[in-house]
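Asks:
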Amino acid sequence: MRPLAVAITLLTVAARPAATQRSYRVAWWDAASVLVAGALSVIPEAAGLPHGAPPCAPCDPASLPGIDRVALHTFSGSAGTASTALLAGVVAYSGIASLAGATPAQVRGHAVVYANGLAWTLAATQWLKVLAHRGRPVLYTADAPAAASDVDNRRSFPSTHAALAFAATTAYVVMAERERLPHRTRNAVLLYAASLGVAALRVSAGQHFPTDVAGGAALGAGIGWLAARVHPTGP
Numbered sequence: 001m002r003p004l005a006v007a008i009t010l011l012t013v014a015a016r017p018a019a020t021q022r023s024y025r026v027a028w029w030d031a032a033s034v035l036v037a038g039a040l041s042v043i044p045e046a047a048g049l050p051h052g053a054p055p056c057a058p059c060d061p062a063s064l065p066g067i068d069r070v071a072l073h074t075f076s077g078s079a080g081t082a083s084t085a086l087l088a089g090v091v092a093y094s095g096i097a098s099l100a101g102a103t104p105a106q107v108r109g110h111a112v113v114y115a116n117g118l119a120w121t122l123a124a125t126q127w128l129k130v131l132a133h134r135g136r137p138v139l140y141t142a143d144a145p146a147a148a149s150d151v152d153n154r155r156s157f158p159s160t161h162a163a164l165a166f167a168a169t170t171a172y173v174v175m176a177e178r179e180r181l182p183h184r185t186r187n188a189v190l191l192y193a194a195s196l197g198v199a200a201l202r203v204s205a206g207q208h209f210p211t212d213v214a215g216g217a218a219l220g221a222g223i224g225w226l227a228a229r230v231h232p233t234g235p
């Protein structure tokens, strides 16, 4: 828990506001931004990207970093389902928690920050998957020949689940500290713990390597922090 506590402290200190904060501005470009990010995020799936065969099937487990080899021994369908359910809980709880003690103007501002943060996190992960073209753990097993034809098995890095969980959590932490929302420390601990759970379950499901979820977590946290920090405020 110590690294988690340190991360939360650093994020809240970085986001520490002045005594009075103006609400986030809500403008037409927020909708445009979300629509553009949404369109970008569906292109890889619609176009069947990345094209071409996987670089190997089966791939050699010895070529993996040592930490990633643990993913080759944990393939659980129930863990995959649980990771999706827990992700939904993280996104929903972070959004609901941001309503506590918020004015109507703050609620509208939080909504556009969340929408932008999550939409651009999704778009970024989808295109990084195409660029990285990394095989999922199944391509390092005896089931690789049958799995090689599924393009989704070439989209391992980064983990979208981990990215979205950490984006929602970090956006909440920054907004909650900025506007001094109630129970922000308790909620931050719960949300980061749940986000770590999402990441761990993706590895247990055999959907991702540990480095995939670490990359997704870093990406999501960065975009969530940026969305909540740079979004304009105003009357």
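Numbering-wise, the working numbering puts 82 at position 82 of the sequence shown, and it's gapless, one number per residue. For each residue, glycine too, the CB sits at the ideal point set by N, CA and C. Bear in mind that the values here come from a model prediction, so they are computed numbers and not experimental data.
Is Thr103 helix, strand or coil when you go by DSSP?
Replies: Coil.
Asks: Rounding to the nearest angstrom, what Cα-Cα distance links Ala168 and Ala218 in this structure?
Replies: Straight-line Cα distance between these residues: approximately 12 angstroms.
Asks: What span of residues does the alpha helix (DSSP H) with Ala27 cover, start to end?
Replies: Premise fails: Ala27 is in no alpha helix (DSSP H) and is neither H nor E.
Asks: Put Thr169 into one of helix, strand or coil per three-state DSSP.
Replies: If DSSP states are grouped into helix, strand and coil, Thr169 belongs with the helices.
Asks: Report buried or exposed for Ile223, applying the criterion of at least 16 other Cβ atoms within 10 angstroms of its Cβ.
Replies: Label assigned to Ile223: buried.
Asks: Identify the continuous alpha helix (DSSP H) that holds Val90 and give its terminal residues.
Replies: Where Val90 is concerned, the enclosing alpha helix (DSSP H) stretches over Gly77 to Ala97.
Asks: Using 8 angstroms as the Cβ pair cut-off and three pairs as the minimum, do the stretch 86–105 and the stretch 207–214 touch?
Replies: These segments do not touch.
Asks: Can you tell me whether Leu11 is helix, strand or coil according to DSSP?
Replies: Summary for Leu11: the model assigns pLDDT 44, below 50, so the residue's position carries little reliability; its value from the coordinates is reported in the next sentence. Three-state DSSP puts Leu11 in a helix.
Asks: Could you tell me if His73 is buried or exposed, where buried requires 16 or more neighbouring beta carbons within 10 angstroms of its beta carbon?
Replies: Looking at its Cβ environment, which holds fewer than 16 other Cβ atoms inside 10 Å, His73 is exposed.
Asks: With 16 other CB atoms within 10 Å as the buried threshold, where does Gly77 fall?
Replies: It counts as exposed.
Asks: At what residues does the alpha helix (DSSP H) containing Ile223 begin and finish?
Replies: It spans Pro210 to Val230 - the alpha helix (DSSP H) in which Ile223 sits, taken as one unbroken run.
Asks: How many angstroms separate the CA atom of Val26 from the CA atom of Ser149?
Replies: The alpha-carbon atoms of Val26 and Ser149 are separated by roughly 44 angstroms.
Asks: Determine, using beta carbons only, whether Leu191 and Val113 come nearer to each other than 9 angstroms.
Replies: No, Cβ-Cβ distance for Leu191 and Val113 is not below 9 angstroms.
Asks: Among the residues of its own chain, which have a CB less than 6 angstroms from the CB of Ser23, if the five just before and after it don't count?
Replies: So the list reads Ala105, Gln106 and Gly109, once near-sequence residues are dropped.
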